[in-house]
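Just so you know, we're using our numbering here: the sequence shown kicks off at 25 and counts up by one. Note that the Cβ used here is the ideal one computed from N, Cα and C, for glycine as well. Down below is the structure, laid out as structure tokens.
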Amino acid sequence: MVIDLTQIKNAPISEADVEELDKVFESVAEYFSLLSEPSRLKIMHCLCNGERSVNEVVEAAGLTQANASRHLNLLYRSGVVGRRREGSQVFYRLIDPNFTDLCRTVCVGIASRGEVQPNAPRRETLLQLEHDLKLER
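Printed below as a string of structure tokens:
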């Protein structure tokens, strides 16, 4: 069942539609939760310019091997990144353009409003993130 969200604004919603919407909103909340961890955002930034090995992600993101692998595996199981094995190395790449676009939009929005915390990256750094993520598209 597909619900046209544009038509429910003025129309009464059936109980079945409410149940379907609840499922959709739960899935969306899970999807957004992937953005709630700074380490995953760092990993995404590393991957926005192309495929990287786990070792390259560890170095670029400043994470431990175990931490990077845990987050990469979660992103893989969620369908945000793809992976391939070459010998003993595993390479990851972004495969979900919605995730990349959403992350870019939020980062740029925060940077442009000046809501970045005092010790957070400068606006130029976040604008570089936007540029890098656009290159992936």
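Residue i versus residue j - alpha carbon distance
{"i": "Gly103", "j": "Lys66", "result": "17 Å"}
{"i": "Asp46", "j": "Tyr116", "result": "32 Å"}
{"i": "Glu39", "j": "Val48", "result": "14 Å"}
{"i": "Asp41", "j": "Val52", "result": "16 Å"}
{"i": "Arg64", "j": "Val114", "result": "17 Å"}
{"i": "Asn79", "j": "Asn73", "result": "16 Å"}
{"i": "Ser60", "j": "Ile37", "result": "31 Å"}
{"i": "Asn91", "j": "Asn97", "result": "10 Å"}
{"i": "Glu110", "j": "Glu54", "result": "31 Å"}
Opening and closing residue of the alpha helix (DSSP H) in which residue i lies
{"i": "Leu99", "result": "89-101"}
{"i": "Ile134", "result": "121-137"}
{"i": "Ile67", "result": "62-71"}
{"i": "Leu45", "result": "39-57"}
Residues that DSSP places opposite residue i in a beta bridge
{"i": "Phe115", "result": "Ser77, Arg108"}
_Would the stretch 125-133 count as touching the stretch 77-92 if we require 3 or more Cβ pairs under 8 Å?_
no
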